[in-house]
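Which chain is which? The protein sequence lines are D and H, in order.
Its first residue numbered 0, the first sequence is counted upward by one per residue in numbering that gives the first Met the number 0.
Its first residue numbered 0, the second sequence is counted upward by one per residue in numbering that gives the first Met the number 0.
C-beta atoms are modelled at their ideal positions from N, C-alpha and C, and glycine is treated no differently.
As the structure is a prediction and not an experimental result, all values here were calculated from the model.
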Amino acid sequence: MATTTIAPESTTAAAPQFDTLPARPSVQDTVSQTMTLAWRALIKMRRNVEQFFDVTIQPLLFTAMFAFLFGGAVTGQHGSDGVKAYLPMIITGILGQTVLTACIATGTQLREDMDKGVFDRFKVLPIARIAPLAGPMVADLVRYLIASTLTFATGIALGYRPGGGVPGVVASILLAMVAGWSLAWVFTWVGTIGKNATSVQGISMIIMFPLTFMSNAFVPTSTMPHWLKVFADINPVSHIISAIRDLANNGAVTGQVGWALLGCAVVIAIFAPLSVRSFNKHM
Amino acid sequence: MRNDHTTPAGPIADTAVHARGLVKRFGDLTAVDGIDLEIARGEIYGVLGPNGAGKTTTLKMLATLLPMDEGEAQLFGVDVRREPHRIRQLIGVTGQYASVDENLTAMENLRLFGRLQGLSGTRSRKVAGELLERFSLQDAADRPLEKFSGGMRRRLDLAASLITRPPLIFLDEPTTGLDPRTRGEMWDTIRDLVESGCTVLLTTQYLDEADQLADRIAVIDRGVMVAEGTADHLKSLVGVSTLQLDLTDAGTLPAAADVVRRRIGAEPVLSAERSRINVPLDDADDAAEVLISLREAGVGLAGMSLSKPSLDEVFLTLTGHDAADQNETTTTTNEEVA
Chain D
0 MATTTIAPES
10 TTAAAPQFDT
20 LPARPSVQDT
30 VSQTMTLAWR
40 ALIKMRRNVE
50 QFFDVTIQPL
60 LFTAMFAFLF
70 GGAVTGQHGS
80 DGVKAYLPMI
90 ITGILGQTVL
100 TACIATGTQL
110 REDMDKGVFD
120 RFKVLPIARI
130 APLAGPMVAD
140 LVRYLIASTL
150 TFATGIALGY
160 RPGGGVPGVV
170 ASILLAMVAG
180 WSLAWVFTWV
190 GTIGKNATSV
200 QGISMIIMFP
210 LTFMSNAFVP
220 TSTMPHWLKV
230 FADINPVSHI
240 ISAIRDLANN
250 GAVTGQVGWA
260 LLGCAVVIAI
270 FAPLSVRSFN
280 KHM
Chain H
0 MRNDHTTPAG
10 PIADTAVHAR
20 GLVKRFGDLT
30 AVDGIDLEIA
40 RGEIYGVLGP
50 NGAGKTTTLK
60 MLATLLPMDE
70 GEAQLFGVDV
80 RREPHRIRQL
90 IGVTGQYASV
100 DENLTAMENL
110 RLFGRLQGLS
120 GTRSRKVAGE
130 LLERFSLQDA
140 ADRPLEKFSG
150 GMRRRLDLAA
160 SLITRPPLIF
170 LDEPTTGLDP
180 RTRGEMWDTI
190 RDLVESGCTV
200 LLTTQYLDEA
210 DQLADRIAVI
220 DRGVMVAEGT
230 ADHLKSLVGV
240 STLQLDLTDA
250 GTLPAAADVV
260 RRRIGAEPVL
270 SAERSRINVP
280 LDDADDAAEV
290 LISLREAGVG
300 LAGMSLSKPS
310 LDEVFLTLTG
320 HDAADQNETT
330 TTTNEEVA
């Protein structure tokens, strides 16, 4: 029998020693509770297939659209040559953007979920306070995986041949998922402070657009005015995208991968505690 | 006492809930203004009051859902403020609105809550199955919750609170909004709970619900406890039924009250602005006596009714004002349910 639960006999037998109950959830409990809540989120996803629209339609549409629109302009080559030369840059850029957009849905859906009755129960259960937030985020890794795979698939269909080969692509997809999970804490925090799902989405868009467009996702930063280049170069999204490029296009584990992972760790270190605190207050 | 088979290990072990001077303020409004509670193990304790009286706020503070502004509380000797995680292992909470997951089936809901509280996969499945059967939900186990009726949702919600058999159950208005038949079923379920050794703290707006279920009742008015005692004690204050008389002339109120006192020895409650007089009756037959005496005394009647005492009467008697004045926004709901 699990030690964390009140044994059925204990309420009727000799007075139980309630002061020996664990005073806080262990790390092991926290992980298992997070995984249980991820299981719940996965069931929910399976029953609401429209939740997958953003991670299926967007990679297909944006990849093709951006490649044909900007290919010539960015590379200076005309027609299909331009598109082809642009692909190694744009596919990895779109990957970053798509995963970031998928993160917004994480925050928005959390906000919607929090307004439902079941969160009232999560609050009174003896579970780690971070689990109701981290659980759905773990489940969202599935969405990031779908988005990343589809982006690469669309690119390959358009003629993109990643120089890093299969290992490079797999590694870059993994990095994109880690990055998605980390950056999702920003939007989870927005989700815990926003008034409703619509306002959460609005605020998240305002954060998402500068982060993706003012980065090296779509154009080389060398073409930007100095002030913008400074921002784009320190933007963690740029580092994540550079790391993805190094992995997918060259199969190289470069310093950018380290910077990207460090950036992710910093984002988690700031926004995970903020989210848990504001979530608890909200409750 | 139902817990007489329990071996007490001291005064703390016998006390399920001990609260002193609970205070909760929301801005200018003091929702709970110094409430003390002392509930023994195995007791069903009812907190009775209209909307906005502070019942749910009190319960939320004890359940770690709201921080208390002042006061202290212990459940089974564990401090609510200092050890919220321990408290959460001791309680089950079923609220006014079913807190179950609409996206999952009944079975999935119970398995989820079992897993979250440390039961193994097999064990949570087994416990879920047993609970669904106990709450007559086994046929609907794999149905999505959208197709559940209000009563089914409440039962599932209660089942979800019982997975780890917590020794203390909080029920926040467990039957508000349910039809009479479903209410009766819910009452039976709650009685069964106590048979199995639970302590229950329930809030309600219905005097008859408190009467049916609770060993002891606290009446709460504007965040303050105005009376506490057994259901019989409270009813002795208001009689078994109430005769409500509307007089044709407010000027005859004192005369009418005098007649009532002399004839049946009860203390009537007067409401001058409505020319109304409420007479608590220990025996419904006394109504005829009162009516005859009033006619003899020449007091004219515009209307009359005889009713079971409601929360309103308890309130009028205990506090001198209607239950419905508590919170203007909820006046209509109160009248609907009264």
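- For Leu94(D), the enclosing alpha helix (DSSP H) has its first and last residue at Gly78 to Met113.
- Ala72(H) has Ala18(H) as its beta-bridge partners, per DSSP.
- Residue state for Leu28(H) is assigned as strand, using DSSP reduced to three classes.
- The beta-carbon of Pro135(D) is placed no less than 8 Å from the nearest beta-carbon of chain H.
- Between the region 165–180 of chain D and the region 132–140 of chain D there are three or more C-beta pairs closer than 8 Å, enough to call the two in contact.
- Among the CB atoms of chain D, none fall inside 8 Å of the CB of Leu201(H).
- Counting only runs of at least 4 residues, the region 118–184 of chain H fully encloses the following alpha helix (DSSP H) elements, listed from N- to C-terminal order: 120–133 and 149–160.
- The three-state secondary structure of Arg215(H), taken from DSSP, is strand.
- Assignment of beta-bridge partners to Asp78(H) by DSSP yields Gln73(H).
- For the region 118–148 of chain D, the set of positions with a beta-carbon nearer than 7 Å to some beta-carbon of chain H reads Asp119, Arg120, Lys122, Val123, Leu124, Pro125 and Ile126 in chain order.
- For Tyr44(H), no chain D residue has a Cβ inside 8 Å of its Cβ, as the nearest lies near 17 Å away.
- Within its own chain, the residues whose Cβ lies closer than 7 Å to the Cβ of Gln211(H), once the five positions on either side in sequence are excluded, are Trp186, listed in chain order.
- In this structure, Ala84(D) sits away from Thr97(D), with a CB-CB distance that is not shorter than 8 Å.
- Taking C-beta atoms as the reference points, Leu161(H) and Gly76(H) fail to come closer than 8 Å.
- Rounded to whole angstroms, the gap between the alpha carbons of Ala158(H) and Leu109(H) is 8 Å.
- Met213(D) carries a coil assignment under DSSP once its states are collapsed to helix, strand and coil.
- Annotation for Glu288(H): the continuous alpha helix (DSSP H) segment containing it runs Asp285 to Ala296.
- Residue state for Ser198(D) is assigned as helix, using DSSP reduced to three classes.
- In this structure, the straight-line span from the alpha carbon of Arg215(H) to that of Arg114(H) is close to 35 Å.
- Within chain H, Arg85 and Gln88 have C-beta atoms less than 7 Å from the C-beta of Leu20(D), given in sequence order.
- Burial is judged here by how many other beta carbons sit within 10 angstroms of a residue's own beta carbon; Ile56(D) has fewer than 16 and is exposed.
- Scanning Leu58(H), Leu103(H), Met60(H) and Val313(H) for the CA closest to the CA of Val218(H) turns up Val313(H).
- Contact between Val99(H) and Arg152(H) is confirmed by a C-beta separation of about 7 Å, below the 8 Å threshold.
- The DSSP-derived three-state label of Arg275(H) is strand.
- With respect to the C-alpha of Val225(H), the residue from Thr316(H), Ala15(H) and Arg85(H) having the closest C-alpha is Thr316(H).
- Residue pairing from DSSP places Ser240(H) in a beta bridge opposite Leu280(H).
- Taking a Cβ-Cβ cut-off of 7 Å, Val16(H) has no neighbours in chain D, whose nearest Cβ is about 13 Å from it.
- Residue pairing from DSSP places Lys23(H) in a beta bridge opposite Val31(H).
- If you draw a straight line from the Cα of Gly41(H) to the Cα of Glu227(H), it comes to about 18 Å.
- Within the region 31–54 of chain D, the residues whose Cβ lies closer than 7 Å to any Cβ of chain H are, in chain order, Gln32, Thr35, Arg39, Ile42, Lys43 and Arg46.
- Listed by position along chain H, the residues whose Cβ is nearer than 8 Å to that of Pro24(D) are His84.
- Looking at Thr202(H), His84(H) and Ser119(H), the one whose alpha-carbon comes closest to that of Thr56(H) is Thr202(H).
- Take the alpha-carbon of Ala268(D) and the one of Ser274(D): they are about 11 Å apart.
- In the DSSP assignment, Ala146(D) falls outside any beta strand (DSSP E) and within the unbroken alpha helix (DSSP H) covering Leu140 to Leu157.
- Between Ser195(H) and the set Gln204(H), Arg182(H) and Pro166(H), the nearest pair of CA atoms involves Pro166(H).
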